[in-house]
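Here it is as structure tokens:
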């Protein structure tokens, strides 16, 4: 009997750990953003409009001036914000353990694809061109932060779906904690503050991080 109780306690603690981990990740991604009553702002999946613009550039081996790179950073971050907002209603459905309809899934996959392209395009742009002095380190920080944030966001919906399926079958789910932890190390309040300080220094306006309404 004692063995059964201990085993039950161990299972319960594992599940608490999973829930706590997910809570920390979701809260960490929105750290430093103001808490508002968003009850009237909830968007249904049917009302979501897929963003029409993402960051793109075919430039390679070019010397980029400060005005252009500032505009590139703004475009990338604004696109990230718009795509994140567009994906939220679909992720909410998945977090609740529900399935997306065929039309919803098609729309969500398009948003996911644009998100990945936005990240890859910006990463290639800053790696394959010469940026002004003082920009390389900070644009790398921005790229790593946003890409990791998206990987957590889009990867976690799959994790939560698996958890729901396992629980329905009476199975205690397993999560790749190492993979998730490696991504969350790049996404935290300290890194976001460094990015925002850089944006302020270079006078770059953006919708990201709740900086514009």
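Numbering (this note's numbering), first residue to last: 81 to 293. Just so you know, even glycine gets a beta-carbon here, dropped at the ideal spot from N, CA and C.
| Check | Outcome |
| --- | --- |
| Cβ distance (whole Å) where residue 153 is taken to contact residue 210 below 8 Å | About 16 Å separates the two Cβ atoms, so there is no contact after all. |
| Close-in-space but distant-in-sequence residues of the same chain around residue 198 (CB under 6 Å, 5 per side omitted) | 134, 135, 159 |
| Proximal residues to residue 271 (C-beta, below 7 Å), its chain only, five neighbours per side dropped | 221, 225 |
| Beta-carbon spacing of residue 163, residue 194 below 8 Å | yes |
| DSSP three-state assignment for residue 136, whether helix, strand or coil | coil |
| Buried versus exposed call for residue 187 [16 or more other C-beta atoms within 10 Å across all chains shown] | buried |
| Alpha helix (DSSP H) segments (min. 4 residues) lying fully within the stretch 133-206 | 146-175 |
| When 206, 233, 127 are compared against residue 145, the one with the closest alpha-carbon | 206 |
| Where residue 227 falls: helix, strand or coil (DSSP) | helix |
| Bridge partners - residue 210, DSSP secondary structure assignment | 143 |
| Nearest neighbour of residue 196, chosen from 231, 215, 137 [CA to CA] | 231 |
| Collapsed DSSP secondary structure at residue 115 in the structure displayed | The pLDDT assigned to residue 115 is 40, lower than 50, so where the model puts this residue is not dependable; a value taken from the coordinates is nonetheless given after this. DSSP places residue 115 in coil when its eight states are reduced to three. |
| Buried or exposed (CB count within 10 angstroms, at least 16 for buried), residue 124 | exposed |
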